[in-house]
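Residue numbers (the working numbering): 221 to 325.
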């Protein structure tokens, strides 16, 4: 199994914005309850513009743990990956998120 650092392009709103603008973001994960709401809103609008699915998770601490770091994280990007095993998991997750987003509309 791959480590979290191989999957997540860590782990700030700046890094998430960069992967979106470079066209390599597959999925963006945002922490709910972020004090800086304008950051989450900016990223969600950018995701919609770039047609990249995004999802909110419970907290900054939970996102930090998922990213394999001990500090809270506001946003993280899951970039395109050439590793076939990871790529398959990323594509499956992306499809599931898109399906949930479509269902919510």
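No residue lacks a Cβ here, since even glycine has one placed at the ideal position from N, Cα and C.
None of these values were measured; they are calculated from a predicted model.
Contacting residues, own chain, Cβ-Cβ under 7 Å from residue i (five flanking each side not counted)
{"i": "residue 270", "result": "240"}
Assigned secondary structure, residue i (DSSP; H/G/I helix, E/B strand, else coil)
{"i": "residue 255", "result": "coil"}
{"i": "residue 313", "result": "helix"}
{"i": "residue 300", "result": "coil"}
{"i": "residue 245", "result": "strand"}
{"i": "residue 240", "result": "helix"}
Residue interval of the alpha helix (DSSP H) (run including residue i)
{"i": "residue 290", "result": "Per DSSP, residue 290 belongs to no alpha helix (DSSP H) and is neither H nor E."}
Distance CB(residue i)-CB(residue j) smaller than 8 Å
{"i": "residue 252", "j": "residue 295", "result": "no"}
{"i": "residue 297", "j": "residue 256", "result": "no"}
{"i": "residue 247", "j": "residue 272", "result": "yes"}
{"i": "residue 232", "j": "residue 263", "result": "no"}
Close beta carbons around residue i, own chain, < 8 Å, minus the five adjacent residues each side
{"i": "residue 280", "result": "251, 253, 254, 292, 293 and 294"}
{"i": "residue 299", "result": "229, 239, 244, 245 and 246"}
{"i": "residue 284", "result": "231, 290, 291, 292 and 293"}
Range covered by the beta strand (DSSP E) that runs through residue i
{"i": "residue 275", "result": "274-277"}
Neighbourhood of residue i by C-beta, 6 Å cutoff - its chain only, sequence neighbours within 5 removed
{"i": "residue 267", "result": "248 and 274"}
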